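Peer 1: Here you go, one structure.
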Amino acid sequence: MSPTLTEKEPKTGNSIFESMMENEHEQVIICSDPSSGLKAIIAIHNTILGPSLGGVRMWPYESERAALKDVLRLSRGMTYKAAVAGLNLGGGKAVIIGDPKKDKKEAIFRAFGRYVEGLAGRYITAEDVGMSIRDMEWIRMETKYVTGISMALGGSGDPSPVTAMGVYMGIKATAKKVFGSDSLEKRKISIQGAGNVSTNLARYLHKEGAKLFVTDIDEEKVDNVVRETGAIAVDPESIYDLDVDIFSPNALGGVLNKDTIPRLKCAIVAGGANNQLEKESVHGPMLIERGIVYAPDYVINAGGLINVSNELEGYNREHAHEQAARIYDTMSRILEYSATHNVPTYTASNTIAEMRLKQIGRVKSIYASRSHFTGRMGELVGKR
Ligand code: NAD
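Heads up, the sequence shown is in this note's numbering, so the first residue is 4 and it goes up one at a time.
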């Protein structure tokens, strides 16, 4: 395992094997079905902890290389996310090359489903960018290895309440480290986004007595959060300038960058949005220089993954919530490691994920050698 999530970005121009070896991907499946027009890539990064799980996204990639690069990067991210969350899942991801606005048809998704089925559970898929519940239902017609589908089809439905619970716990754990108390009463918290995760998060924060500020490009959504929680509405551009204790990004990726970081006046950034740091190696240190503690996004937004992983064992929402609440302990451990080893929080979380993979990997190899030994014993016993 290489040391950090972003250190070895797969380079375009390499051969497929070179790209796979760079970050130790186990398997890449190139799926081509000319009759439906399906062009897809499934990447399985690592299955030490369990079957690989990760969403399928549909995107009009500018080249096949760009699609490969994306799926390799995303599948690797899933390995770390599952490992640090303590799940027995590996990292996988899939991309369907196509424009979700005009290239969607049943035959494409059913063909994709057949590829997933053919992997016999080594890769389990879920909804991601560019996909809809309807598309996932078509995939489900061909394979049982689908999670996150509607409750009507035996799935767990909308994961955002569980994600929000995890984000809330991640915020509390970080507050405890930074302010000495995890109480959020009277804490000023700005929330970017008033969508599914944010709305549920705002409810938890309001219940605890936090003073909220909220923004979204959709005014109606902002109005709903304001009505329910008494939050103060702000316009999307001003959200970075507020004098708050905590900034919680729950809308888009890349919001922590060279333009926004100098404007932040918070002590903590902790939110559910994916890939908040535009470039981890550049903008992570910029946050540290400003004295801002960053709760790694993939650690505190793992509630969604925790939710779908529960489907594999027979879904129970209460159990999923309990498991998501443990993000408090995970985040506390990361902050502790970060302080003790004097490393950024995102390095601490990557290291903790890798430590788990190494531990289990070692157990696996001991087991493998033992079973080999037992086999030989069997031969010897048989000879007698
Ligand atoms: P959502 O679509 O319900 O909400 C996102 C909101 O962001 C929308 O209301 C949108 O209008 C708003 N938005 C877009 N551009 C904006 C801007 N410039 N300024 C302010 N608001 C803007 O999505 P969601 O399910 O709440 O997810 C939010 C984030 O969390 C995403 O990054 C998602 O990838 C991530 N995430 C979600 C889950 C989950 O369970 N839903 C799990 C893990 C990660």
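Note that beta-carbon positions come from the ideal geometry of N, C-alpha and C, so glycine has one too.
Small disclaimer: the values here were computed from a predicted structure and weren't measured.
Ligand 1 and T150: does the residue's C-beta get closer than 8 Å to at least one heavy atom of that ligand?
Peer 2: Here residue 150 corresponds to residue number 147 of the sequence shown, with the count starting at 1. No, the beta carbon of T150 sits no closer than 8 Å to any heavy atom of ligand 1.
Peer 1: Where does L255 sit, in a helix, a strand or coil, going by DSSP?
Peer 2: Within the sequence shown, the letter at position 252 stands for residue 255. If DSSP states are grouped into helix, strand and coil, L255 belongs with coil.
Peer 1: Nearest to S284 by alpha carbon, out of M139, A276, E130 and K261?
Peer 2: For the purposes of this step, residue 284 is identified with residue 281 of the sequence shown, where counting begins at 1. When only C-alpha atoms are compared, the closest one is K261.
Peer 1: I'd like the span of the alpha helix (DSSP H) that includes G121, first residue to last.
Peer 2: Residue mapping note: residue 121 aligns to position 118 of the sequence shown, counting from 1. First-last of the alpha helix (DSSP H) with G121: E109 to G121.
Peer 1: Compute the beta-carbon to beta-carbon distance between G275 and I303, rounded to the nearest angstrom, for a pair I have assumed lies under 8 Å.
Peer 2: Counting from 1 along the sequence shown, the entry for residue 275 is found at position 272. Counting from 1 along the sequence shown, the entry for residue 303 is found at position 300. Rounded, the Cβ-Cβ distance is 7 Å, consistent with contact.
Peer 1: For ligand 1, I want to know if V74 counts as a neighbour, meaning its beta carbon is within less than 8 Å of at least one of the ligand's heavy atoms.
Peer 2: As a working note, residue 74 is residue 71 in the sequence shown. For ligand 1, not one heavy atom lies less than 8 Å from the Cβ of V74.
Peer 1: By a C-beta neighbour count over all protein chains shown, 10 Å radius and 16 as the cutoff for buried, is K105 buried or exposed?
Peer 2: Here residue 105 refers to the residue found at position 102 when the sequence shown is read from its first residue. Exposed, by the Cβ-count rule.
Peer 1: Please determine whether the Cβ atom of T128 lies at a distance below 8 Å from any heavy atom of ligand 1.
Peer 2: The sequence position of residue 128 within the sequence shown is 125, counting from 1. Answer for T128: no, Cβ out of range of ligand 1.
Peer 1: Alpha helix (DSSP H) containing N203: first to last residue?
Peer 2: Reading the sequence shown from its first residue, position 200 is the one you call residue 203. It spans N199 to K210 - the alpha helix (DSSP H) in which N203 sits, taken as one unbroken run.
Peer 1: Leaving out five residues before and five after L280 in sequence, what residues of the same chain have Cβ atoms less than 6 Å from its Cβ?
Peer 2: Along the sequence shown, read from residue 1 onward, the residue named residue 280 stands at position 277. Once the five neighbours on either side are set aside, the close Cβ partners of L280 are L259, H286 and G287.
Peer 1: Going by the beta-carbon positions, is the gap between E130 and G160 smaller than 9 Å?
Peer 2: Translated into the one-based positions of the sequence shown, residue 130 becomes position 127. Translated into the one-based positions of the sequence shown, residue 160 becomes position 157. No, these two residues do not count as a Cβ contact at 9 Å.
Peer 1: Cβ atoms of A88 and G53: under 9 Å apart, would you say?
Peer 2: Locating residue 53 in the sequence shown gives position 50, counting from the first residue. Locating residue 88 in the sequence shown gives position 85, counting from the first residue. Contact flag unset, no.
Peer 1: Could you tell me the distance, in whole angstroms, from the CA atom of M4 to the CA atom of E357?
Peer 2: Counting from 1 along the sequence shown, the entry for residue 4 is found at position 1. Counting from 1 along the sequence shown, the entry for residue 357 is found at position 354. Its pLDDT being 44, under 50, M4 is placed unreliably by the model, and the measurement read from it follows with that caveat. Straight-line Cα distance between these residues: approximately 7 Å.
Peer 1: Can you pull the DSSP bridge partners for D248?
Peer 2: The sequence position of residue 248 within the sequence shown is 245, counting from 1. Paired residue(s): none; D248 is not in a bridge.
Peer 1: To which residues does DSSP link K42 through a beta bridge?
Peer 2: Counting from one through the sequence shown, the residue named residue 42 turns up at place 39. Paired residue(s): S35.
Peer 1: According to DSSP, which residues form a beta bridge with K214?
Peer 2: The count along the sequence shown starts at 1 and reaches residue 214 at position 211. Its beta-bridge partners are K191.
Peer 1: Please report how far the alpha carbon of C34 lies from the alpha carbon of A43, in whole angstroms.
Peer 2: What you label residue 34 is simply residue 31 of the sequence shown in a count that begins at 1. What you label residue 43 is simply residue 40 of the sequence shown in a count that begins at 1. Going from the Cα of C34 to the Cα of A43 covers about 5 Å.
Peer 1: So, at 8 Å on beta carbons, what are the nonlocal neighbours of N253 in its own chain, with the 5 sequence-adjacent residues on each side left out?
Peer 2: Taking the sequence shown and counting its residues from 1, the one referred to as residue 253 is at position 250. The answer, listed in chain order, is V170, I194, Q195, G196, G198, V200, S201, L204, G274, G275 and A276.
Peer 1: Give the secondary structure of H286 by DSSP, where H, G and I count as helix, E and B as strand, and everything else as coil.
Peer 2: Numbered from its first residue, the sequence shown carries residue 286 at position 283. Helix.
Peer 1: Please state whether the Cβ-Cβ distance between G58 and T166 is less than 9 Å.
Peer 2: On the sequence shown, residue 58 is found 55 positions in, with the first residue counted as 1. On the sequence shown, residue 166 is found 163 positions in, with the first residue counted as 1. The answer is no: Cβ separation not under 9 Å.
Peer 1: Quick one: what does DSSP say T263 is sitting in, helix, strand or coil?
Peer 2: Within the sequence shown, the letter at position 260 stands for residue 263. Residue state, collapsed to three classes: coil.
Peer 1: Is any non-hydrogen atom of ligand 1 found closer than 8 Å to the C-beta of N253, if you look at the structure I gave you?
Peer 2: For the purposes of this step, residue 253 is taken as residue 250 along the sequence shown, with counting starting at 1. Yes.
Peer 1: Please confirm whether S78 and H28 have their CB atoms less than 9 Å apart.
Peer 2: In the sequence shown, residue 78 corresponds to position 75, counting from 1. In the sequence shown, residue 28 corresponds to position 25, counting from 1. Yes, Cβ-Cβ distance for S78 and H28 is below 9 Å.
Peer 1: Per DSSP, which residues does L75 bridge with? Please list them.
Peer 2: Residue 75 sits at position 72 when you count from the first residue of the sequence shown. In DSSP, L75 forms no bridge with anything.
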